[in-house]
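In my numbering, the protein residues as written are 54 to 214.
Here the structure comes first, spelled out in structure tokens, and everything after it is commentary.
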Amino acid sequence: MAPLKGIESLFEILVKTNSRLLMACDFHKDNHYHRLLLNQIKAKGIAARISIIGFLPEEQLANLLAASDAVVLPFRDGAGAWNTSVDGAVTQGVLVITTSLVEIGYNKEKNIYFSQPGNVEEMIMAIEKYAGHHISSKPQTDEWQNIAEQHFHVYKEVVNR
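Here is the structure:
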């Protein structure tokens with residue numbers, strides 16, 4: 054967890070709704086930002102509606118995402134095509150709500166809603182309107198695998214010179 058992920062927006066959503074939040078991540082008490090988040094949870098009185106389940110292996114995380122009503126990824130500066138968290142959630146067919154500086158609104162084909170970064174009210178509207186909507190899961194694109202393979206070949210050529 055890092056500030057760029059916009060975790061604080063998730064807490065604001067909880068304050069304003071009856072939602073529950075599952076956090077598949079680890080909190081480290083020696084990390085200042087993590088302590089700040091834990092303090093916010095207590096101060097906002099939302100601890101009873103948050104389950105921190107820790108880091109999960111890839112397959113377990115995929116199953117959790119697929120079973121969710123929505124996956125909310127409120128990046129402070131917006132997400133992009135480079136974002137593997139968004140891509141992984143979208144492949145599960147679950148509603149994904151994220152932020153963007155470029156895209157706006159609901160993409161029915163991918164079951165993803167793009168709000169403006171920091172616009173908690175818009176994210177709440179998307180949750181209320183689309184949560185629970187699933188589409189068929191899709192195999193992950195080969196794009197990232199191709200990029201990794203291209204990097205591997207370049208590195209191999211450099212090492213073999």
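Glycine included, each C-beta is placed from N, C-alpha and C at the ideal position.
- A direct Cα-to-Cα measurement between isoleucine 165 and asparagine 213 gives close to 44 Å.
- Positions of the alpha helix (DSSP H) runs, each at least 4 residues long and wholly inside the stretch 84 to 121, are given as 85 to 97, 111 to 120 in order along the chain.
- As a beta-bridge residue in DSSP terms, histidine 187 pairs with Val147.
- Valine 68: member of the alpha helix (DSSP H) spanning 60 to 69, first to last residue.
- Note: methionine 76 is bridge-paired with Ile105 in the DSSP secondary-structure output.
- Looking at Leu126, Asp140, Ser138, the one whose alpha-carbon comes closest to that of isoleucine 150 is Leu126.
- Straight-line spacing of the CA atoms in lysine 82 and glycine 131 works out to 27 Å.
- Annotation: the continuous beta strand (DSSP E) that includes glycine 158 extends over 158 to 160.
- Of the candidates Ser153, Leu148, Val124, Ser153 places its Cα closest to the Cα of tryptophan 135.
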